[in-house]
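Residues 1103 to 1267 (this note's numbering) are what the sequence shown spells out, left to right.
Here the structure is laid out as structure tokens; the discussion comes afterwards.
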Amino acid sequence: MLACWLGKKVFGLDSQTTMLIGAGSSICGAAAVMATEPVLKADSSKVAVAVSTVVVFGTLAIFAYPWLYQLNEHFQWLPLTQETFGIYAGSTIHEVAQVVAAGHAIGPDAENAAVISKMIRVMMLAPFLLLLSGYISRQAGNAARVKNRPSPFRGSPCCLSPLPG
């Protein structure tokens, strides 16, 4: 949601590109972008932009997160252990391999916690795609078709009458 809003309002991107970037940033990187592509029926150029964005920023995170952890260790801004920072890294870095690399650079506890929290995010891909496809089909006007579908309760007063007792 935040990615869609930022992409549209701040960066002036179209809906498909922002949804692809949002999926890649929030779930599991390029794999989420590629899994979202058929749901959105997105152009290949938009997919390329989304994959590039996710990979570039995730790669930067491989180097930035260990550096931020070291800064925090030195200045003691937040009382973070390796494990809590690993949960943070796994919850915010895009790709699984990038999470492993950043967590490993911090330490074994950070790496283990990062991978576990990342796998929880990866498990959200299938439910996300189901919800997104429902949203897209509703936006495309399929809701009108569902409204006109025959109902077993429409036009049959016997269903509404009390049962004889």
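All residues carry an ideal CB built from backbone N, CA and C; glycine is no exception.
For residue i, three-class secondary structure by DSSP
i     : result
H1206 : helix
W1179 : coil
L1162 : helix
V1231 : Before going further, note that residue 1231 is Leu rather than Val in the sequence given. DSSP places L1231 in helix when its eight states are reduced to three.
E1185 : helix
K1148 : helix
E1197 : coil
D1211 : helix
L1142 : helix
G1243 : coil
M1225 : coil
G1109 : helix
L1170 : helix
Q1118 : helix
Closest by C-alpha distance to residue i, when choosing among the options
i     : options                       : result
Q1241 : A1163, V1156, L1142 and A1133 : L1142
F1165 : L1115, A1207 and V1217        : A1207
I1272 : F1230, S1239, S1154 and Y1190 : For residue 1272 there is no data in the structure shown, the boundaries of the chain being 1103 and 1267.
A1152 : E1185, Q1184, Q1172 and C1106 : C1106
I1195 : M1226, P1181 and Y1167        : Y1167
M1225 : G1205, S1128, L1180 and A1199 : S1128
S1193 : P1140, G1131 and L1108        : G1131
S1154 : N1174, W1179, L1182 and L1122 : L1122
Cβ-Cβ separation, residue j to residue i (assumed contact under 8 Å), whole Å
i     : j     : result
E1213 : G1160 : Between G1160 and E1213 the Cβ distance is about 16 Å, and since that is not below 8 Å, they are no contact.
G1188 : A1215 : 3 Å
E1185 : D1211 : 5 Å
A1204 : A1163 : 6 Å
Proximity below 8 Å, CB of residue i to CB of residue j
i     : j     : result
L1231 : T1138 : yes
V1135 : V1112 : no
P1126 : V1156 : First, the amino acid is wrong: residue 1126 is Gly here, not Pro. Against a cut-off of 8 Å, the Cβ pair of V1156 and G1126 comes out as a contact.
G1124 : L1115 : no
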